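> What follows is a single structure, and I will ask about it in a moment.
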Amino acid sequence: MDRMDTQRAHVAGTGLATVAKLLADGTRAGFCLALLDGRAWTATELARHMGVAPSTATEHLHALVRGNLLAEERQGRHRYVRLAGPHVAELIESLASMAPERTPAPRSLSASGRRQALTHARTCYDHLAGTVGVAITDAMLDRRLLDLERGLGLTSAGATWLEDLGITVPTGTRRPSVRSCLDWTERRPHLAGAVGAALCRHAFDTGWITSIGTTRAVAVTLLGRQALSRHLGLSDGLLSQKGSSEIPRTLARPHPFCP
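Right, here's the structure in full:
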């Protein structure tokens, strides 16, 4: 390795260590996990979510914004933060999948139902994750809509399949068309990138999935089970989730793509 390569490696290593240090704090990491729902949150909401003082939350959020993991938005007197982009969401999800499994046992039936629903199907920023997200990715690979020849990619058959469903994938952006995101509950990849986001938006817009409670969990509707069975051969048993019925739907928030 020549002198120039050594300098580059040192600079890259220092940058990586800076990001790692930001996520080494449990409160900051918890904020990032909460923001995987794709919404913008206030410091007060995040403080309440993590059980810390508002002043502590503000200090941590300033550090995350300075580190380019979060972005600030202002609306009048209100200030919100959100993940800086899908690349950050994929980083957080992938790191979470590497964490040791130390999830405490649920203390109630409703907590157990929430956990089951989140594991079964959820949003990861703007694409689908959980058992259902991974199953969709596997089915697309099996049907040659995606391939792994040069890393995960969309095939010509996949592009035609999306077009037939009426799914438009934005072009002219820096975001990769297809990316693999390591699922933190399944420990296997699910589909991310512009295609993953477009498919998730289509699922919400057509009523294939619906938000559950105040978490990132989603439920696959009867219409969605029929559609995913018809288009990808997924079984009704895999797509159904009994635990989701235990979560109060009156607490449902709009999905992240609502205006």
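Oh and the sequence shown: position 256 is 278 in the working numbering, straight run, nothing missing.
For glycine and all other residues, C-beta sits at the position ideal for the given N, C-alpha and C.
Nothing here was measured: the structure is a model prediction, and the numbers come from that model.
Between the alpha carbons of residue 143 and residue 211, how many angstroms are there, rounded?
On the sequence shown, position 121 is the one that residue 143 refers to. On the sequence shown, position 189 is the one that residue 211 refers to. If you take the alpha carbons of residue 143 and residue 211, they lie about 14 Å apart.
> Using alpha carbons as the reference points, say which of 107, 91, 90, 221 lies closest to residue 196.
Position 174 of the sequence shown, counted from the start, is the residue given in the question as residue 196. Among 107, 91, 90, 221, the Cα nearest to that of residue 196 belongs to 107.
> Which same chain residues end up closer than 8 Å to residue 230 when comparing Cβ atoms and leaving out the 5 residues on each side of it in sequence?
Counting from 1 along the sequence shown, the entry for residue 230 is found at position 208. Around residue 230: 224, 242, 243, 245, 246, 249, 250.
> Under 8 Å by Cβ, that's how I've got residue 44 and residue 85 pegged, so tell me the actual separation to the nearest angstrom.
Working through the sequence shown from its first residue, we reach residue 44 at position 22. Working through the sequence shown from its first residue, we reach residue 85 at position 63. 6 Å between Cβ atoms; contact.
> According to DSSP, what are the bridge partners of residue 103?
Taking the sequence shown and counting its residues from 1, the one referred to as residue 103 is at position 81. Answer by DSSP bridge pairing, in chain order: 63, 94.
> Could you tell me which of 237, 258, 257 sits nearest to residue 138, measuring between CA atoms?
Numbered from 1 along the sequence shown, position 116 holds the residue referred to as residue 138. Of 237, 258, 257, the residue nearest in Cα terms is 237.
> Given this structure, state the Cα-to-Cα distance separating residue 232 from residue 62, to the nearest angstrom.
On the sequence shown, position 210 is the one that residue 232 refers to. On the sequence shown, position 40 is the one that residue 62 refers to. Straight-line Cα distance between these residues: approximately 19 Å.
> In chain order, what residues of the same chain lie with their CB nearer than 6 Å to the CB of residue 183, ignoring the 5 residues before and after it?
One-based indexing of the sequence shown puts residue 183 at position 161. Same-chain partners within the cutoff: 167.
> Just to confirm, is the Cβ distance from residue 181 to residue 255 under 8 Å?
One-based indexing of the sequence shown puts residue 181 at position 159. One-based indexing of the sequence shown puts residue 255 at position 233. No; because the gap between Cβ atoms is not below 8 Å, this pair is not in contact.
> With distances taken Cα to Cα, identify the nearest neighbour of residue 55 among 140, 115, 169.
Along the sequence shown, read from residue 1 onward, the residue named residue 55 stands at position 33. If we check each option's Cα against that of residue 55, 115 comes out closest.
> In the DSSP output, which residue or residues are listed as bridge partners for residue 181?
Position 159 of the sequence shown, counted from the start, is the residue given in the question as residue 181. Residue 181 is not bridged to any residue.
> In the structure shown, what three-state DSSP assignment does residue 49 receive?
The residue you call residue 49 lines up with position 27 of the sequence shown. Note: residue 49 maps to helix in three-state DSSP.
> Can you tell me the Cα-Cα spacing of residue 145 and residue 258, whole angstroms?
Along the sequence shown, read from residue 1 onward, the residue named residue 145 stands at position 123. Along the sequence shown, read from residue 1 onward, the residue named residue 258 stands at position 236. Cα to Cα, the separation comes out at about 20 Å.
> Cα separation between residue 190 and residue 42?
On the sequence shown, residue 190 is found 168 positions in, with the first residue counted as 1. On the sequence shown, residue 42 is found 20 positions in, with the first residue counted as 1. Each residue's alpha carbon lies about 36 Å from the other.
> Which class does residue 131 belong to by DSSP, given the choice of helix, strand or coil?
By 1-based counting over the sequence shown, the position of residue 131 is 109. Confidence at residue 131 is low in this model, with a pLDDT of 40, below 50, so the placement of that residue should be treated as unreliable; the coordinate-derived value is given next. In the structure shown, residue 131 sits in a helix (DSSP, three-state: H, G or I).
> Have a look at residue 266 and residue 151 and give me their C-alpha separation to the nearest angstrom.
The count along the sequence shown starts at 1 and reaches residue 266 at position 244. The count along the sequence shown starts at 1 and reaches residue 151 at position 129. Because the pLDDT of residue 266 is 43, which lies under 50, any placement of that residue in the model is unreliable, and the question is left without a value.
> Kindly indicate which residue of 101, 75, 206 has the alpha-carbon position closest to the one of residue 87.
Position 65 of the sequence shown, counting from 1, holds the residue named residue 87. Of the listed residues, the one whose Cα sits closest to residue 87 is 101.
> Considering just the uninterrupted stretch of the alpha helix (DSSP H) at residue 216, what are its terminal residues?
The residue you call residue 216 lines up with position 194 of the sequence shown. That run of the alpha helix (DSSP H) goes 215-227.
> Out of curiosity, what's the CA-to-CA distance linking residue 263 and residue 89?
What you label residue 263 is simply residue 241 of the sequence shown in a count that begins at 1. What you label residue 89 is simply residue 67 of the sequence shown in a count that begins at 1. Taking the straight line joining both Cα atoms gives about 38 Å.
> Given a threshold of 16 other Cβ atoms within 10 Å of its Cβ, counted over all protein chains shown, does residue 94 qualify as buried or as exposed?
If you number the sequence shown from 1, residue 94 lands on position 72. Flag for residue 94 reads exposed.
> Are the beta-carbon atoms of residue 218 and residue 109 separated by less than 8 Å?
Along the sequence shown, read from residue 1 onward, the residue named residue 218 stands at position 196. Along the sequence shown, read from residue 1 onward, the residue named residue 109 stands at position 87. It is not a contact, given that the beta carbons lie outside the stated cut-off.
> By how many angstroms is the C-alpha of residue 199 removed from the C-alpha of residue 216?
Locating residue 216 in the sequence shown gives position 194, counting from the first residue. Locating residue 199 in the sequence shown gives position 177, counting from the first residue. About 5 Å.
> Assuming residue 244 is part of the alpha helix (DSSP H), what are its boundary residues?
Taking the first residue of the sequence shown as 1, we reach residue 244 at position 222. 244-254 is the span of the alpha helix (DSSP H), which, as asked, contains residue 244.
> Residue 103 to residue 113, Cα distance in whole Å?
Stepping through the sequence shown from its first residue, residue 103 is reached at position 81. Stepping through the sequence shown from its first residue, residue 113 is reached at position 91. Straight-line Cα distance between these residues: approximately 17 Å.
> Tell me the rounded alpha-carbon separation between residue 228 and residue 220.
Start at 1 with the first residue of the sequence shown, and residue 228 comes out as number 206. Start at 1 with the first residue of the sequence shown, and residue 220 comes out as number 198. Their Cα atoms are separated by approximately 12 Å.
> So is residue 98 buried or exposed if we call it buried at 16+ other beta carbons inside 10 Å?
As a working mapping, residue 98 is identified with position 76 in the sequence shown. By the 10 Å Cβ count, residue 98 comes out exposed.
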